[in-house]
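Residue numbers for the first sequence follow the working numbering, so the first one is 15 and each next one is one higher.
Have a look at the structure below before the remarks.
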Amino acid sequence: MASHYDFKNIEGKWQKEWENNNLYHTKNKDKKDNYYVLEMFPYPSGKLHMGHVRVYSIGDVIARFKRMNGLNVLHPMGWDAFGLPAENAAIKHGNIHPREWTWKNIKSMKEQMKALGLSYDWEREVATADPDYYKWTQWFFIKMFKNDLAYKKEQAVNWCPSCETVLANEQVVNNKCERCETVVDNKELEQWFLKITDYADQLLEGHQKLDWPQRVKTMQKNWIGKSKGMRIKFPIKEINSKLEVFTTRPDTIYGATYMVLAPEHPYLDQLISGKENEKRIRDFIKKIKDQKEEERTSPESNKEGIFTGSYATNPMTGEKIPILIANYVLMNYGTGAIMAVPAHDQRDFDFAKKYDLEIKAVIQPHDLERKLIGSKIKEAYSEDGYLINSDKYNNLNVKEAFEAIADDMEEKNIGNREVNYRLRDWLISRQRYWGAPIPIIYCNQCGTVPVPEEDLPVMLPDDVEFSPSGISPLAKSDQFVNAKCPKCGGMGKREIDTMDTFVDSSWYFLRYIDPDNQHLPFSKDRARDWFPVDQYIGGIEHAILHLLYARFFTKVIRDLGLTIEDEPFTKWLAQGMVLKDGEKMSKSKGNVVDPSKILDEYGADTARLFILFASPPEKDLEWSDEGVEGSNRFLNRVWRFVDEICDEIKDIQVNQGQIETNLDDESKKVYRKLHETIQKVTEDIENRLNFNTAISAVMELVNEIYHYQSTKEDDLDFEFLSYTTEKLLLLLAPFAPHLTEELWHKIGNQSSIHLDKWPEYNKKAIKRDQVTIVIQVNGKVRDRVKVDTEIPKEELKEIVFKQDKVKKYTENKEIIKTIVIPKKLVNVVVK
RNA sequence: GCCGGGGUGGCGGAAUUGGCAGACGCAUCGGACUUAAAAUCCGGUGGGAUUUUUUCCCGUAUCGGUUCGAGCCCGAUCCCCGGCACCA
């Protein structure tokens, strides 16, 4: 008899069978029993990597488990099919169109997914590069445009010189392009933005009801960066206007001794022209503007500034205070100008020391020992305290003063309460070919005109040269560019930029629920039945980008009236990375393990089992070839056991209700273990998504069965074994779908194991008559004793004190107390 | 600097509500089977001491605290990972 199962044969056979029977097709039903589990769809690079195998294995276990528990499960898959690699491949190889390249890759990746035995409903497959899909991406853009949520403006934007396109703030990491790690430049360009900032507060508040990892919510919170403060106007007499600043500390305004403008501030020209130092000042501004972004914005770099020669008036004190320019004030946050309070802000303090500006303390610590004396301050004091040198606000604490000053300023029209965000609007224009064209036509008469909804999609033209040149390749297609104005019928020009691919992926989860809808991106009824996604699974690297955008889109879609939901993903499991030798797998490090090789050597079930067993899903997983061997060994162990007895048990009709009545002691042990395992596996999947411990529980069960076999030898109870085998296979089915299906049929079943019901555990079976109680003396384990489970405390104590060990350790000592924890332990405390 | 997560055998990890630390797997050692090996099956394996089928001590990054009892709670420190950062 063979000691290893023929995984190649078995896996191929069942994959075909499942496909032929359309086993994983999802019917649309009312909301009641629906369950939507979704893994982040991949970019079709052409090959699956281990990270993919991990995320899809996790999703597949959940989908199969929920199905077996009687739910109507939606488990779809698709392709994030627009993007640069397709274009780069076309440029590099010259003779292949991005479309061809993309669809070729989709085909091979889909085959790999099928080889993994993933239970997708392929009839719902979507690809963002398909005109049937991007038509609706464009439709959403137009809806946003009409609702003032999409707008075009000129501003300094991030430019990646390698990708030759602009990037959103979210796509710039440490001043580098998120994709290619090239240092980004600044460019003044007119670009399309989506008004995500309108939803900043909702994006923050929505976190409350999300069952997401805390760290991810924190990341998004940091990214949104909400701060409450005031916008305050400082009059500048000489140019007869007012300089606005944003501050979170209006309570310190009596200590504002100077003002600082960003070198890009629009007032500068007026302020400095004609001043005796004008040339020096202009040279300084130029120098700062030429500074690299990194240098400019690093807190470690030196603060540099120059006096403009002008003064503003502190609106509360009436004092004249100098206006300076400095590198440490940024144009893209707040108003690009600050009131400087050196006594209570470390940055202002450092700058004031360097340029010898006045430092005036206006907050005094409650702790008198730390009393601040103006000229002797060594560092800024920014903690709590009470006000001094602040006229009628003296002696108020910081919080009271904030409110009082804010009220008064609002009344006198000096300033207004304002909330500021770090979050910027989402820049979606890309100067590249392989994306959804922005559906806008520019007309000399009518201006910026959206393409009418009935004319969508605006198709990508084929006759273009892809080589990036800083402007979109679409500019080179006359047939594309020239279009009639939808309003007046005159000749207009199309927008030539395409959309950021994150736009495509911000709503794909809604298309799956109604993929063939020709009239709308999806119908409201279907959304009601399926949306939101119950369980989303994907990499932590999307914590900010994709997940923030998708949440934003969902809120916009809600406001368009297409759903009533305002969060797309109720639960999110952020799965960890797959590492090799402690590092992320990458070509440059040469530590890549190719999934197809593992599939070839061990099969899909082994690959899935290992990846689920090696680590809990949210943690990083260290790849181990020996570990894969181990998982394979376990599956073979299951196979051998069933293979050996299947002829004996396949015709046995198990009497489910009666099974426990005739068990001998050995069988009873296995029977209890089986039901304990059912409980453990069910709870581990259902409540914790801890597949590693679920699998280890099944391993323990299999060990127990082997033990039973070797103890009983020729005296096996085959009806009981038949019962046990069935349950065992059901428990393992979500993890190893092919092997369990094969064995399921071998033991005499006709229909698929994956349509069967998840086993339930028998509460009576796992109840123990006797338990082992740990006996401690002064907290140290000294003995163990087996007693009846429901033994009264007093009786248990009596038994404990009769034990020799207990006598030994309590001899000649005073017993202070005895702690009894039923079913667990007894601790005798002595002195 | 601020915020969040983490640190357990040779390794991956378990301990779910403060109650037997190290489940399960890997690696390794021993036994069975074999002419032999592989595969398989059975068993040992945190460290130390010891009278070695015994008994005890130490042990969850470090130090301290709370508690009858701490891997888990509290305080301080060190280290690792992630996010944000001249954000006013």
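Where a beta carbon is used, it is the ideal one built from N, C-alpha and C, also for glycine.
Rounded straight-line distance, which links the Cα of residue j to that of residue i
i    : j    : result
K128 : E31  : 12 angstroms
E372 : S600 : 55 angstroms
H39  : E756 : 21 angstroms
K726 : E674 : 18 angstroms
F363 : L163 : 40 angstroms
V695 : P451 : 49 angstroms
N109 : W448 : 16 angstroms
Y369 : K598 : 48 angstroms
S241 : Y435 : 6 angstroms
T568 : Y347 : 27 angstroms
K61  : D608 : 9 angstroms
T691 : E137 : 36 angstroms
R431 : R245 : 6 angstroms
N427 : V478 : 57 angstroms
K41  : V799 : 56 angstroms
K822 : D783 : 29 angstroms
K585 : H221 : 11 angstroms
I339 : F321 : 6 angstroms
Bridge-paired residues (DSSP) for residue i
i    : result
D199 : W173
D225 : K585
N86  : N48
M353 : M273
R444 : T512
Q378 : Y400
I454 : P464
S255 : I250
N434 : S241
Y630 : According to the sequence displayed, residue 630 carries Pro and not Tyr. Answer is none; P630 lacks a bridge partner.
Exposure label - residue i; buried when at least 16 CB within 10 Å
i    : result
I719 : buried
D144 : buried
R565 : buried
T620 : buried
C194 : exposed
S602 : exposed
K778 : exposed
I835 : exposed
V433 : exposed
K157 : buried
R622 : buried
M64  : buried
T786 : exposed
N119 : buried
P466 : exposed
Closest by C-alpha distance to residue i, when choosing among the options
i    : options                   : result
K166 : E509, R525, E632 and N776 : E509
W440 : A214, Y134 and F523       : A214
K664 : K27, R294, Y134 and F734  : F734
D297 : E680, I428 and E318       : E318
Q589 : E468, A621 and K633       : K633
L534 : L576, Y550 and S519       : L576
L574 : F55, F155, F96 and M123   : F155
K741 : D731, D728 and W772       : W772
D47  : G65, N83 and W28          : N83
I558 : V187, E101, V140 and K124 : V187
N412 : C191, N23, H560 and Q378  : This sequence places Val at residue 412; Asn is not what is there. Cα-wise, what sits closest to V412 is Q378.
E828 : N717, V820, E812 and K845 : K845
D679 : P336, M273, L730 and G596 : L730
R542 : I709, I551, K289 and I527 : I527
L593 : L635, I238, E643 and L688 : L635
T739 : L562, Y342, Q670 and L257 : Q670
N605 : I612, D595, Q493 and L613 : D595
G762 : S486, I659 and A418       : I659
- request: Count the CB pairs spanning the region 79–92 and the region 758–766 that are closer than 8 angstroms, and state whether there are at least three.
  value: no
query: Are at least three pairs of beta-carbons, each pair with one atom in the region 293–309 and one in the region 221–230, less than 8 angstroms apart?
result: no
field: Three CB pairs or more closer than 8 angstroms across the region 42–57 and the region 529–549
entry: yes
message: For the structure I just gave you, are there three or more beta carbon pairs, one from the region 259–276 and one from the region 465–472, closer than 8 angstroms?
response: no
field: Any 3 or more C-beta pairs closer than 8 angstroms across the region 812–819 and the region 789–799
entry: yes
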